[in-house]
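Notes to accompany the following structure.
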């Protein structure tokens with residue numbers, strides 16, 4: 001490698017880090033918008049974030065980047081596509097070509113609309129008034145279509161939107177994987193519904209004072225390894241993981257004093273995301289090697305801690321006594337098995353973020369189908385609430401009684417996040433595959449969980465997933481870790497095994 | 001005015017607004033740094049803020065600005081120096097010429113050092129360990145000297161630093177005004193010390209639960225007009241007013257459960273700053289017409305609400321029953337006059353932010369003299385704690401027993417704010433002059449305060465001060481409002497009148 005090439009690469013890396021600083025500053029503005037921003041500051045915040053997004057986009061499409069790529073992609077630095085420099089150049093070429101297709105004006109308008117859209121969504125949800133949000137949603141969909149057209153596609157207009165969150169995935173492929181999953185899942189859910197046993201979920205609806213929930217959630221996040229020296233936990237209307245990156249990762253949750261699951265499993269979920277962010281190499285801020293590989297992989301980390309760990313019996317073997325101490329009124333007379341069964345209740349429900357492990361993917365399927373239809377123009381915004389309700393009736397057998405509990409429940413569309421939902425189900429699939437591999441590598445994880453020992457699993461994830469950033473694509477990473485391609489089987493095996501015991505199902 | 005000139009001016013205004021967006025984003029990063037930032041994020045925050053400061057500085061020194069100024073300063077738009085366009089061009093020329101003298105590298109280093117310096121200061125203060133902070137302070141002073149040299153000066157190296165906060169003021173002039181003030185003040189303080197009566201301050205040291213303090217402080221801030229729809233009140237180690245400008249103004253305070261004054265008067269003080277920020281025209285964000293005219297004028301707003309209003313008997317006529325309701329244990333048996341005398345205790349003390357109205361300016365004088373000596377090189381950092389203690393002994397007759405209560409008490413030097421302190425005393429002088437004029441214009445303010453009616457004074461300040469931004473300089477503004485130049489007499493008259501009654505002094 002010539003000294004010239006090396007200094008050229010250094011200039012490229014500096015450019016990326018500076019862009020990363022802007023993006024992380026924008027991350028703080030976004031976090032603040034959802035946690036502490038006074039309502040009168042919303043318009044200014046939209047303008048600030050739109051301007052910063054525009055600056056970032058200008059830097060991401062700087063022709064100088066193209067020149068650097070032209071020189072460096074033919075150099076030794078690009079020879080190994082999985083080395084830090086090779087991965088950086090490979091990912092950057094993809095991003096650069098993608099970004100150059102997006103007009104500056106469109107990027108700024110979308111960023112600004114995301115802020116005003118979220119504000120309208122919050123108000124619409126509070127007032128249970130879809131009409132208040134509809135005009136902004138229509139505008140958002142128009143712009144997302146424009147974005148998809150600008151990016152170009154062969155199959156579905158939805159493809160380039162999905163590709164933003166799950167690089168390399170096609171709509172048709174995802175539809176196939178989710179169809180396979182559904183085919184295996186529906187019979188299991190039917191078996192469960194037909195079972196004569198069912199948990200007592202009333203115990204989760206007793207009174208759980210907020211302060212106790214905050215203490216327990218924070219302790220659990222800390223126990224699985226979320227680093228509060230480099231992160232925070234706050235309250236927000238819609239829980240999320242954001243902030244400024246590895247050294248300043250901010251997760252949020254929301255408290256319902258009459259429902260245990262919401263904050264506790266929400267916190268574990270976001271802490272799982274947070275562990276991934278904190279596990280990325282912070283010195284690579286702004287570089288592909290310091291970035292998450294895909295949303296599906298990101299989600300695999302949150303779902304692993306929320307479900308595969310947090311809803312396991314061994315986890316509660318250790319944590320249940322602490323929960324009892326925190327909530328004596330609600331839990332003193334409840335034994336571990338009763339509680340464990342309750343947090344694993346399988347039941348068609350209206351709210352995605354509170355759905356159980358088994359039915360969750362049907363919630364995703366509904367959104368995936370609806371947003372394809374919205375983007376494709378086969379469904380009009382005015383007809384969306386009814387389409388939503390009809391699908392819930394068809395797939396889950398229940399119908400929302402209000403839009404606040406129906407089509408207005410998720411922040412995503414208001415923030416312009418189309419193509420995002422299917423990554424949740426991909427995350428569930430990846431998580432089970434990884435958990436299977438971790439068990440093979442580390443031995444009996446349950447014994448460790450019973451002792452409150454989560455470090456082996458966390459460190460394994462650090463080694464196998466977090467530290468690699470985007471050095472491998474999502475599929476490469478899964479192949480590397482598990483030796484197998486993406487499959488719905490490990491998830492189904494996990495669900496079948498767990499619920500056979502809980503619901504006394506025949507395992508034939 | 002030609003269409004050409006007009007569109008040129010519009011481009012200039014757009015440029016300034018975009019710079020204002022960056023500055024307001026940086027304002028949020030700074031607010032967050034002092035309220036919610038986890039400690040592990042400090043280095044990243046320093047880098048983010050340094051990078052944004054650099055971007056802002058590059059935009060402020062963009063040669064394009066010089067070209068716009070060359071064209072527009074000779075046009076009709078500049079004809080009236082107090083019109084929005086005239087003031088914009090006049091202030092911008094001053095700022096541009098000033099900014100162009102500062103090397104980009106120096107600006108970025110100072111911004112970064114400000115963050116790490118403040119972190120070191122917090123630690124040093126917690127550990128009462130000046131040595132931990134000394135190397136960073138030395139570095140800061142070296143850079144401030146560099147800054148002063150780069151800006152150029154005729155009189156004292158300190159002049160260009162002072163000019164940053166109080167445009168147009170000279171070190172020698174300020175020294176003279178403060179000397180006049182001291183000459184009038186010292187005999188008054190001596191009279192007070194010789195008085196046989198003295199308030200019972202023990203009542204302020206009783207137990208005041210934090211939640212009650214937070215409620216009362218927030219209610220008072222709201223009552224004087226701080227708009228919580230466009231602002232927040234949070235907790236920070238060193239109280240300040242910051243955030244993103246008129247539409248998102250953030251004030252902070254700190255609570256001491258065994259001292260009433262700290263949070264209550266601190267909140268009133270910051271709310272006074274906040275009223276000024278919220279009263280600036282928000283559509284002029286980034287333009288001189290949307291900016292505060294000087295720190296002295298800014299401080300006049302905080303001191304007016306903290307002291308001239310908040311420490312008046314008429315204010316407590318209305319507020320004392322609320323305080324008694326909030327703190328029955330501490331205040332039930334205390335009558336209004338006893339409480340009023342207690343919050344107006346005059347007594348030499350160690351902590352500036354908790355000093356009384358009369359001795360406060362001596363605290364400023366000490367800092368003003370010390371920082372001139374530090375910048376001038378006559379005083380070394382290693383000798384600073386002893387110099388500090390010696391001056392307290394000389395001017396106030398008391399000696400700090402620890403550096404935490406001495407030289408480490410203020411954040412300013414750690415943040416690179418040299419030349420800032422004297423503006424506090426200028427603020428006291430301006431405030432009294434304005435209050436005199438407001439009384440003349442509005443009639444008996446005390447009657448209004450007794451009824452909890454603060455709107456007339458607030459609206460008068462909006463009209464006479466806030467809405468003008470930088471359309472007039474500080475001296476012009478004072479002349480316009482009061483018909484007189486800067487003077488220490490109104491402040492002295494206020495202090496003499498108030499303390500003569502409280503301490504039973506002869507008024508001869």
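Protein chains in written order, with my numbering: chain A, 1 to 508; chain B, 1 to 508. In this text, a Cβ means the ideal position worked out from N, Cα and C, and glycines have one as well. All figures in this text were calculated on a predicted structure; none of them were measured in a lab.
Of the listed residues the options, nearest to residue i (C-alpha basis)
i	options	result
residue 329/B	205/B, 313/B and 395/B	205/B
residue 256/B	211/B, 221/B, 451/B and 9/B	211/B
residue 380/B	70/B, 105/B and 141/B	141/B
residue 412/B	85/B, 308/B, 121/B and 337/B	121/B
residue 174/B	500/B, 495/B, 488/B and 493/B	488/B
residue 167/A	24/A, 126/A, 292/A and 338/A	292/A
residue 34/A	180/A, 384/A, 506/A and 242/A	242/A
residue 207/A	435/A, 332/A, 287/A and 358/A	332/A
residue 274/B	466/B, 326/B and 200/B	466/B
residue 449/A	158/A, 309/A and 324/A	309/A
residue 382/A	288/A, 29/A, 129/A and 187/A	129/A
residue 338/A	447/A, 311/A, 32/A and 112/A	311/A
residue 203/B	159/B, 181/B and 259/B	259/B
residue 491/B	456/B, 435/B and 501/B	435/B
residue 7/A	75/A, 193/A and 91/A	75/A
residue 335/A	316/A, 153/A, 154/A and 92/A	316/A
residue 132/A	71/A, 403/A and 295/A	403/A
residue 42/A	229/B, 13/B and 497/B	229/B
residue 232/A	220/A, 408/A, 439/A and 250/A	250/A
Beta-ladder partner(s) of residue i, from DSSP
i	result
residue 509/B	Missing from the structure shown is residue 509/B; chain B here goes from 1 to 508 and no further.
Same chain, Cβ closer than 8 Å to residue i, five either side skipped, listed in chain order
i	result
residue 96/A	60, 61, 65, 66 and 69
residue 454/A	223, 224, 225, 309 and 448
residue 279/A	246, 461, 462, 465, 466 and 467
residue 485/A	475, 478 and 479
residue 171/A	155, 156, 158, 159, 162 and 372
residue 5/B	71, 72, 75, 76 and 77
Residues of its chain near residue i, where Cβ-Cβ distance is below 6 Å and the 5 sequence neighbours each way are ignored
i	result
residue 424/B	299 and 364
residue 269/B	302 and 306
residue 350/B	400 and 405
residue 358/B	189, 346 and 495
residue 2/A	none
Own chain, CB closer than 7 Å to residue i, minus 5 neighbours either side, in chain order
i	result
residue 284/B	290 and 469
residue 451/B	318
residue 157/A	145, 148, 375 and 376
residue 326/B	212, 215 and 216
residue 28/B	243 and 244
residue 340/A	313 and 316
residue 437/B	481 and 482
residue 277/A	241, 245, 246 and 249
residue 124/B	130, 132, 133 and 408
Residue range of the alpha helix (DSSP H) that includes residue i
i	result
residue 96/B	84 to 100
residue 368/B	360 to 376
residue 14/B	3 to 35
residue 391/B	384 to 391
residue 44/A	42 to 60
residue 73/A	Run containing residue 73/A: none; DSSP gives neither H nor E here.
residue 183/A	171 to 194
residue 491/A	489 to 503
residue 352/B	Here residue 352/B belongs to no alpha helix (DSSP H), and DSSP marks it neither H nor E.
Residue i beta carbon near the ligand ZN (any heavy atom closer than 7 Å)
i	result
residue 201/B	The ligand ZN is not part of this structure, which contains no ligands at all.
- Query: Can we say the region 15 to 28 of chain A touches the region 96 to 109 of chain A, given the rule of at least three CB pairs closer than 8 Å?
  - Reply: Using a Cβ-Cβ distance cut-off of 8 Å, the region 15 to 28 of chain A and the region 96 to 109 of chain A are not in contact, since fewer than three pairs of beta carbons, one from each stretch, lie closer than that value.
- Three CB pairs or more closer than 8 Å across the region 257 to 264 of chain B and the region 36 to 54 of chain B: With a cut-off of 8 Å, the region 36 to 54 of chain B and the region 257 to 264 of chain B do not count as touching, because too few Cβ pairs lie within range.
- Three or more C-beta pairs below 8 Å linking the region 413 to 421 of chain A and the region 367 to 383 of chain A: Between the region 413 to 421 of chain A and the region 367 to 383 of chain A there are three or more inter-stretch CB-CB distances shorter than 8 Å, so the stretches are counted as touching.
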